[in-house]
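A.B. asks: Could you have a look at this structure, given as structure tokens, before my questions?
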Amino acid sequence: MSAVAAVPAAVLRPMHEGDLEAVMAIELRAYPFPWTRGIFQDCLRAGYCGQVLVGRDGLLGYGMLSVAADEAHVLNVCIDPARQSHGHGRRLLRALVQEARVRGAARVFLEVRPSNTAAIALYHSEGFNEIGRRPRYYPATYGREDALVMATELVDDDLQAMPPL
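Okay, so the sequence shown: first residue is 38 according to our numbering, each after it adds one.
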């Protein structure tokens, strides 16, 4: 048996208002046009699913999901810029999609900046496809930037229930 202690894995848990100071610190480092603390508070008060990914050194990232009827919308997924490219975003996205499934969603939508090629690659690799654009959706340094609208269908794990091709 190794004498090296095991490093505790990052833990996913629901977001609470007490997390918002750390969430905002990451939000401000990650985005030139960040959400406000009030937006996060409103989402939590509305009952949206907020998730945080916590490592041994603190908050690694967070996500926010809304579900209405049979549709879910990933509103925000963010990993601390200093801790990106280690699979944390994928883990967080999968947790949000799983929560959408548990809450009865049949499909999940999200928007992403066309300039965010790393996020687009992640979303494609997780089964999201581009279904449209929202012109001038995001604020940008010079004007506005479109949003790519992406979606994935949540199908039952029982492949026999799917219609034939």
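By construction, the Cβ of each residue, glycine as well, lies at the ideal position given by its N, Cα and C atoms. Remember, predicted model here, so these are calculated numbers, not experimental data.
Please report the distance separating the alpha-carbon of C86 from that of A188.
C.D. replies: For the purposes of this step, residue 86 is taken as residue 49 along the sequence shown, with counting starting at 1. For the purposes of this step, residue 188 is taken as residue 151 along the sequence shown, with counting starting at 1. C-alpha separation (whole angstroms): 18 Å.
A.B. asks: Return the residue from the list T73, D94 and L159 that minimises the CA-CA distance to R131.
C.D. replies: Counted from its first residue, the sequence shown places residue 131 at position 94. Out of T73, D94 and L159, L159 has the C-alpha closest to the C-alpha of R131.
A.B. asks: Consult DSSP for Y174 and reduce its assignment to one of helix, strand or coil.
C.D. replies: The residue given as residue 174 occupies position 137 in the sequence shown. Three-state result, Y174: strand.
A.B. asks: Report buried or exposed for A184, applying the criterion of at least 16 other Cβ atoms within 10 angstroms of its Cβ.
C.D. replies: Counting from one through the sequence shown, the residue named residue 184 turns up at place 147. It counts as buried.
A.B. asks: Roughly how many angstroms lie between the CA atoms of G55 and V186, to the nearest whole one?
C.D. replies: The count along the sequence shown starts at 1 and reaches residue 55 at position 18. The count along the sequence shown starts at 1 and reaches residue 186 at position 149. Looking at the two C-alpha atoms, the distance is approximately 31 Å.
A.B. asks: Comparing C-alpha positions only, which one of A67, E64, Q88 and E163 sits nearest to R249?
C.D. replies: The first residue shown for the chain is 38 and the last is 202, placing residue 249 beyond what the model contains.
A.B. asks: Under a three-way DSSP split, which group does A156 fall into?
C.D. replies: Here residue 156 refers to the residue found at position 119 when the sequence shown is read from its first residue. In the structure shown, A156 sits in a helix (DSSP, three-state: H, G or I).
A.B. asks: Of all the options A155, A177, L147 and M61, which has the alpha carbon lying nearest to the alpha carbon of R170?
C.D. replies: Numbered from 1 along the sequence shown, position 133 holds the residue referred to as residue 170. Minimum Cα distance to R170 is reached at L147.
A.B. asks: Using a Cβ-Cβ cut-off of 7 Å, state whether L57 counts as contacting chain C.
C.D. replies: Absence of chain C from the displayed structure is noted, only one protein chain being present.
A.B. asks: Just to confirm, are L191 and A156 a CB contact at a threshold of 7 Å?
C.D. replies: Taking the sequence shown and counting its residues from 1, one reaches residue 191 at position 154. Taking the sequence shown and counting its residues from 1, one reaches residue 156 at position 119. It is not a contact, given that the beta carbons lie outside the stated cut-off.
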